[in-house]
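**Student:** I'd like to ask you about the structure that follows.
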Amino acid sequence: MKVLCVAEKPSIAKEVSKILSGGSFSVRNSNNKYIKYFDFKYNFPQLGLCDVTMTAVLGHVTNFDFGPQFGWNSCPPGRLFAAPISTMVSHQDVYKNLSIEGRNASKLMIWTDCDREGEYIGFEILETARKNNSRLTLENTWRAQFSHLEKNHILQASRNPIQLDINSVRAVECRMEVDLRCGISFTRFLTDLYKGQSLIGEKEVISYGTCQFPTLGFVVDRYIRVKNFVPEPFWYIIVDIKKNDQKVGFLWVKGHFFDRAYVTLLYQKALKSPNGKIVSLTKRPTSNWRPLPLTTVDLQKDASRIFKMSAKRALDAAEKLYNKGFVSYPRTETDRFPAAMNLKDVIERQTSSNKWGSYAKELLELKFRSPRSGSHDDKAHPPIHPVKYAELTQLNGDEKTIYEYIVRRFLACCSDDAKGEQTTATLKWGDELFTANGLMVLARNYLDIYIYNKWESSKQLPPLEQGEEVNITNAKMKDGKTSPPLHMTESELIALMDANGIGTDATIAEHIEKIHSRNYVTKIKQGNVEYILPTDLGMGLIAGFDEMDFVDNISLSKPFLRKNLEIGLQEIVEGRKTRQQVASEMVELYKNAFVLCNQNSGNLVQKYLEIRNRNVQ
DNA sequence: GCAAGGTC
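All you need for the working numbering is the position in the first sequence, starting with 1, plus 489.
In structure tokens form, the structure reads like this:
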């Protein structure tokens, strides 16, 4: 009996083959240079000893598209909201692999990632393999359930196959349909509109996408908030005391007020007391927590914040490290390690480093702690962690930086929190309360390896006693003003996209790149920090859309529509709605907006012209 | 020339 196993990517095919075959398999080349066939024998409990061929695809094999009669200049863009959609093969060589290998298989087993897209890719594999083999049906196709590559977990998955989840398949079809109809129609409409008035060059495109525009919207929104910011004055009180020749500054518990007269009143009342009194003195243990296991989004935020490396560059470097076998799969949303994973093995492999080897040894011998568990699990990949030890000299610039970061992050996860002691003195002066803090770091623990976090002892408070009367050496009423928000950094943008469900771990960086390459945003450096600012074009596009009076108050530049789509997709997965229901609801919303934009295309462009001209004057 | 989602 021949069983064909297919994974989402070559690395999984190889690892699973190693585990199922116990290391004895033979390798054949395929039509694609990245993809191999692994042949071996395996005993499936339901089938007995089988001839197994394990191979992979490279993500999606097919894609949705409109027919040739719906090309750019062959139909009005509005037609695309209802035009028929067909499935096209996007990777011919991969497609060919599956049709050939599927021909004489009695059983197909899907080993794609266990997430929504993986379920659909599994479905594409089935549809392809069954073209030449009618024995392969949805009902008799096995789907392996696994979330990492630990040996027993994979063996368990091989023995307990389930079926492809057709609801997830329909949900992905729905996403593809909505993104295709909205993206292509608006892109053609906007490009033709801007080009018609010679506002962009012959080769330029004004693209619209359900993710691109909310991303741009975040940047524009921040920019406007900074520009429109009006500082507000406020007033507050500070107090100093002196003990053992040491000056201690106290902060007002009430913070500050925007009413000068009120603060003056409280200040003058307090001034009647020449002395203050220490009303409480507390010492409490405090911790500085070690980081959570590493996700893609965290990696990208930190790369941008700590190393000034764009999200795209960071992910590129992590991918190269992954392809060389140095780190685990870099696209993951999971921030908890699987219980069965042998973390000490991972640490052991780092002991040969002259930079962090001794720390790793110390962890193994004495100080190892189980990592914290976050609340995210994509059910497909474990958190990013080092796999093989790499000499830093083997790696190039970005790879070196990212590898070292991933190793330090992992070792930090397996360390103890930093421990300290915080002393808080509360001073009463008249009727007003003030506090002063002193921090003493007692055990640095994870901070010794995770050099990117700072937590230092502050100046210690002098010996004070509860109930002690202290002389106020200085008391002032001060003023300040509220400061504007800062412009958007890439790391904040990533966090916003993540929190609002715009894009995925694998695509967030691409969306940011896209709005940059389309000239909707620009990056400027101020001091050591890089900010993302909208261009006139980006401002104009968002302002134009925001000007429109869409039905139901929807917005084409805010994240809510995309979030609604996500909610709809989840309802399809749970069987509460059909693909058709959700797709037609969403497409209807975008189509109404499209019609309005068409009718008011003059206003849409006018907004851009106003912004451009305002900046010229 | 167009989307977003996989992966190389």
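No residue lacks a Cβ here, since even glycine has one placed at the ideal position from N, Cα and C.
What first and last residue would you give for the beta strand (DSSP E) that runs through Leu-740?
**Tutor:** 735-741
**Student:** With Ala-545 as the anchor, note down where its beta strand (DSSP E) starts and where it stops.
**Tutor:** Unbroken beta strand (DSSP E) run through Ala-545: 537-545.
**Student:** Assuming the contact rule is C-beta atoms closer than 8 Å, Trp-631 and Lys-596 should be a hit. Round their C-beta distance to whole Å, please.
**Tutor:** 7 Å
**Student:** How would you call Ala-750, buried or exposed, if buried means at least 16 neighbouring beta carbons within 10 angstroms?
**Tutor:** Flag for Ala-750 reads exposed.
**Student:** At which residue ranges does the segment 557-609 contain complete beta strand (DSSP E) runs of 3 or more residues, listed in the order of the chain?
**Tutor:** Complete beta strand (DSSP E) runs here, min 3: 574-578, 596-600.
**Student:** Taking 7 Å as the limit between beta carbons, can you name the residues of its chain near Leu-1085, skipping five residues before and five after?
**Tutor:** Met-1037, Phe-1039
**Student:** Measuring alpha carbon to alpha carbon, tell me which residue in Tyr-848, Gly-1016, Asn-1102, Gly-511 is nearest Asn-532.
**Tutor:** Gly-511
**Student:** Can you say whether Gly-1016 is buried or exposed, counting buried as having 16 or more other CB atoms within 10 angstroms of its CB?
**Tutor:** Under a 10 Å Cβ-count criterion, Gly-1016 is classified as exposed, with fewer than 16 other Cβ atoms of the shown protein chains found around its own Cβ.
**Student:** In whole angstroms, what is the alpha-carbon distance linking Ile-1031 and Arg-711?
**Tutor:** 12 Å
**Student:** May I have the straight-line CA-CA distance separating Gln-1095 from Pro-566, to the nearest angstrom?
**Tutor:** 21 Å
**Student:** Per DSSP, what kind of secondary structure is Thr-993 in: helix, strand or coil?
**Tutor:** coil
**Student:** Using 10 angstroms around the beta-carbon of Asn-439, count the other beta-carbons present and answer buried if the total reaches 16, otherwise exposed.
**Tutor:** Examination of residue 439 is not possible in this model, given that the chain is present from 490 through 1106 alone.
**Student:** To the nearest angstrom, how far is the alpha carbon of Leu-1093 from that of Leu-783?
**Tutor:** Straight-line measurement puts the Cα of Leu-783 at about 43 Å from the Cα of Leu-1093.
**Student:** Measuring CB to CB, does Val-708 end up less than 8 Å from Asp-987?
**Tutor:** no
**Student:** Give the C-beta separation of Glu-837 and Leu-853 to the nearest angstrom, bearing in mind that I take them to be a contact with Cβ-Cβ under 8 Å.
**Tutor:** Right, the Cβ-Cβ distance comes to about 6 Å (below 8 Å), so this counts as a contact.
**Student:** DSSP puts Ala-750 in a beta bridge; with which residues?
**Tutor:** Note: Ala-750 sits in no beta bridge, so no partner.
**Student:** Please report the residue range of the beta strand (DSSP E) in which Gly-765 lies.
**Tutor:** 764-777
**Student:** Starting from the Cα of Asp-554, find the closest Cα among Met-830, Ala-571, Met-543 and give me that residue.
**Tutor:** Ala-571
**Student:** Checking the sheet assignment: what are the DSSP bridge partners for Pro-875?
**Tutor:** DSSP lists Val-816 as partners of Pro-875.
**Student:** In the DSSP assignment, what residue or residues form a beta bridge with Ile-726?
**Tutor:** Met-966
**Student:** Which of the three DSSP states, helix, strand or coil, is assigned to Asp-528?
**Tutor:** strand
**Student:** Assuming Val-737 contacts Phe-746 (C-beta within less than 8 Å), just tell me the rounded distance between them.
**Tutor:** 24 Å between Cβ atoms; not a contact.
**Student:** Mind checking which residues open and close the alpha helix (DSSP H) that includes Met-1037?
**Tutor:** Run containing Met-1037: none; DSSP gives neither H nor E here.
**Student:** Where does Lys-692 sit, in a helix, a strand or coil, going by DSSP?
**Tutor:** coil
**Student:** Whole-angstrom Cβ separation of Asn-458 and Pro-951, contact assumed at under 8 Å?
**Tutor:** Residue 458 lies beyond the range of the chain shown here (490 to 1106); nothing can be said about it.
**Student:** Would the beta-carbon of Trp-944 fall within 8 Å of that of Ala-907?
**Tutor:** yes
**Student:** With a threshold of 7 Å, establish whether the CB of His-865 neighbours any heavy atom of the ligand ZN.
**Tutor:** The model depicted lacks the ligand ZN and carries no ligand whatsoever.
**Student:** Determine the direct distance from the alpha carbon of Arg-670 to that of Glu-504, and round the result to whole angstroms.
**Tutor:** Each residue's alpha carbon lies about 38 Å from the other.
**Student:** Which residues mark the beginning and the end of the beta strand (DSSP E) in which Gly-909 is found?
**Tutor:** 907-918
**Student:** Just to confirm before moving on: does the CB-CB distance between Ile-891 and Ala-792 stay below 8 Å?
**Tutor:** yes
**Student:** Return the chain-ordered list of same chain residues with a C-beta closer than 8 Å to the C-beta of Arg-648, the five sequence neighbours on each side being excluded.
**Tutor:** Correct list, in chain order: Phe-533, Pro-534.
**Student:** To the nearest angstrom, how far is it from the Cα of Phe-723 to the Cα of Thr-971?
**Tutor:** C-alpha separation (whole angstroms): 8 Å.
**Student:** How close, in whole Å, do the beta carbons of Phe-529 and Val-546 come, if the pair is a contact with beta carbons under 8 Å?
**Tutor:** About 19 Å; that fails the 8 Å criterion.
**Student:** Rounded to whole angstroms, what's the CA-CA distance from Phe-635 to Ile-501? Just pull it up for me.
**Tutor:** 11 Å
**Student:** Could you check where the beta strand (DSSP E) with Ala-932 kicks off and where it finishes?
**Tutor:** 921-932
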